[in-house]
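Asks: Going by full-length UniProt numbering, the sequence shown opens with residue 1, and the numbers climb by one from there.
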Amino acid sequence: MLNICGCLVQTAPDRTASVIEALNATEGSEVHAHDKGRIVVTVEDTQTRLASDLIMDMHQIPGVIGVTLTYHHFEALEDEAPATLS
């Protein structure tokens with residue numbers, strides 16, 4: 001399953017650089033832009049962690065004021081069978 005989340009991370013302005021460093025060091029997350037304490041980041045599932053867990057962990061990074069999910073996309077990959085409802 002392809003699972004991509006777009007998030008806006010709000011930081012204390014003096015902590016933005018250290019938050020970006022922490023986000024870039026986290027497997028499954030990628031920083032795309034930042035300005036005045038706001039960081040645009042995408043988060044994807046990894047082999048060992050769900051994107052939702054990674055997003056929850058972002059709240060614990062020192063300097064993070066808040067994390068807002070702004071975009072969510074998921075779909076079955078070509079080699080996966082479609083999910084069925086039970």
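Each residue gets a CB set at the ideal place from its N, CA and C atoms; glycine is no exception.
Using only CA atoms, which one of Thr16, Gly6, Ile61, Ala51 lies nearest to Gly37?
Replies: Residue Thr16 is the option with its Cα nearest to Gly37.
Asks: Could you compute how far the alpha carbon of Ile20 sits from the alpha carbon of His73?
Replies: Between Ile20 and His73, the C-alpha separation is close to 23 Å.
Asks: Between Ile55, Val40, Leu69, which lies nearest to Thr46 when the distance is taken from Cα to Cα?
Replies: Of Ile55, Val40, Leu69, the residue nearest in Cα terms is Ile55.
Asks: Tell me which residue opens and which closes the alpha helix (DSSP H) that Thr16 is part of.
Replies: Residues 16-24.
Asks: Between Leu2 and Val40, how many whole angstroms is the CB-CB distance? I'm expecting something under 8 Å.
Replies: No, Leu2 and Val40 are not in contact; Cβ-Cβ is about 19 Å, not under 8 Å.
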